[in-house]
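Visitor: Using my numbering, the first residue of the sequence shown is number 344, and each one after it goes up by one. Right, I'll just put the structure down here and ask away after.
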Amino acid sequence: MDRFSSALFTDFYELTMAQGYFLQGMAERKAAFEYFFRSHPCDSGFVLFAGLQPLLKALEDLRFQPHEIEYLRSLGKFREEFLNYLSDLHFSLTVYSPPEGTAVFAHEPIIRVEGPLLQVQLVETLLLNYINFQSLIATKAARVWLAARGDPVMDFGLRRAHGPNGGLFASRAAYIGGCSGTSNVQAGLAYSIPVLGTMAHSWIMGFSDEYSAFRAYAEVYPSNPILLVDTYDTLKSGLPNALRVFREMRARGIKFRPGIRLDSGDLVELSRRAWEMLTREGFENPIIVGSGDLDEYKIEDLKARGARINAWGVGTRLLTSADCPYLSGVYKLAALKEGGKWVPRIKLSSDPSKVSLPGRCNLWRIRADGAYQGDYITLAEEDPGERFADAELIPLMKLMMEGGKVLYREDLEKIRSRVFQELRMLPQGVKRLRNPDRYRILYSDKLVGLKKRLMERNGG
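In structure tokens:
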């Protein structure tokens, strides 16, 4: 269900360049492109790398179908010999990257794609679309999870997600980032994510009165009834009616953990009152779910103000990443092969943040005393040496695809476990929701020297 292999999922200029490479005899020239992002979204101190496995599967499936070739022919922009080349094209890319769920940082080489220049160029849009969006949502989910301080977080955002495919991939990324489950049933089927949810206000409104609605729901789902108590008046109606149903269930000998959901109003005051009312009746450790336009900042604030909420339903602002709706990921030519050797390339700009790293690069993580101390970037052919003799250097750029065949496969639970491990290993200040510390990134002397020489040679 996560396969989207249309070769026309691309920007038009990728195809005009591809025809240019073909006509100039450059289509089969070996090239290396690297993906990185320029800034962290949401004022975050880190980004979680997500979307890799769906991307690799899409790359493995990529073909130009006959009807797609016919469409390109109808545009009148492409020569017949080029269209014939595309018809027979089998993508044979090689991909290096960290595994999904790894914490990554701005201006680091995160994905390296190698192969024939025409092919490596054509997949730019596909790669950016898969990785930018899912990494953004996974990062947002991790920040929400950090704000919740161990409470379960539920993804409730499907109905306002950016279309069916966007909703599917967003739910996948949110689960990777720390959500305990999703309301998205299709994501449950596709990725074995736990599906969660109880009732909407329409359930209560569909009965003659609130008590009847609660009682009917508890009869259908007696083991874990979570009742939405704010349809009419939370304190005067919703909570008293919920308590009445819970008392009746207890009198009948039903074993259950009572729960309520608060979707509006002063969640601090209402959750405190709900906790008092439920525990005073002998219902220990009740579930109190908070929902309603939440994000990491609101959850952090509610926690700080003493809300008695112990589970969170987060929707629109999570699956759309409402306050930071994009990740500034880019994909740049890093090197071309000439005479059997890789020749580095660099992209210059008057804006320093837009200057790319030259050459094929490797990424290493520095670990000491049970925590991450920073990252180290070298040229791919370099031995990192003994610069960090007192620390462990962990190579992050792994071979994930070779010759168009996927080598990397992990189930979602393993990826999700990696995320929790990464969050434990990151410095505390980097995880801060507001004004986080900057993660340390170091560069090898050879890489710094190469960048300086190329900038001087090209007038930078």
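Quick reminder that beta carbons are idealized off the backbone N, C-alpha and C, glycines included.
1. Taking the alpha-carbon positions, what's the Glu-457 to Val-673 distance?
2. Name the DSSP bridge partner or partners of Leu-742?
3. For the ligand NAP, is there any heavy atom lying closer than 6 Å to the beta carbon of Arg-587?
4. Could I get the ranges of all uninterrupted alpha helix (DSSP H) runs contained in the region 721–777, with 4 residues as the minimum, in chain order?
5. Tell me the DSSP secondary structure of Glu-624 in three-state form.
6. Leaving out five residues on either side along the sequence, give the residues of the same chain with a beta carbon under 6 Å from the beta carbon of Gly-625.
7. Considering only residues of the same chain and omitting the five flanking positions on each side of Asp-808, which have a CB-CB separation below 6 Å?
8. Within 10 angstroms of its Cβ, does Ala-374 collect 16 or more other Cβ (buried), or is it exposed?
9. To the nearest whole angstrom, what separates the beta carbons of Tyr-669 and Asn-475, a pair I think is in contact under 8 Å?
10. Quick test of your reading: Leu-578 and Arg-616, contact by CB under 8 Å. State the CB separation rounded to the nearest angstrom.
11. Label Ser-387 either buried or exposed according to how many other C-beta atoms from any shown protein chain fall within 10 Å of its C-beta, with 16 as the threshold for buried.
12. Who pairs with Trp-655 in a beta bridge, going by DSSP?
13. With DSSP collapsed to three states, give me the class of Phe-376.
14. Are the CB atoms of Ala-481 and Leu-391 within a distance shorter than 7 Å?
15. Check for me: the beta strand (DSSP E) holding Ala-678 runs from which residue to which?
16. Quick check: the Cα distance between Leu-790 and Asn-427, rounded to an integer number of angstroms?
17. Quick check: the Cα distance between Ile-709 and Phe-731, rounded to an integer number of angstroms?
18. Quick check on Ser-664: does DSSP put it in helix, strand or coil?
19. Below 6 Å CB to CB, which residues in the same chain sit around Gln-362 once its five sequence neighbours on both sides are set aside?
20. Let me know if Leu-418 comes out buried or exposed under the rule of 16 or more other beta-carbons within 10 Å of its beta-carbon.
21. Excluding the five sequence neighbours on either side, which residues of its own chain have a C-beta within less than 6 Å of the C-beta of His-544, listed in chain order?
Guide: A quick look at the data gives this:
1. 16 Å
2. Tyr-439
3. Inclusion of the ligand NAP in the displayed structure is not the case, the ligand content being empty and no account of it being possible.
4. 755–768
5. coil
6. none
7. Lying outside 344 to 803, the shown extent of the chain, residue 808 is not represented and no answer is given.
8. buried
9. 7 Å
10. 6 Å
11. buried
12. Val-496, Gly-633
13. strand
14. yes
15. 672–681
16. 41 Å
17. 8 Å
18. coil
19. Phe-421, Phe-425
20. exposed
21. Thr-574
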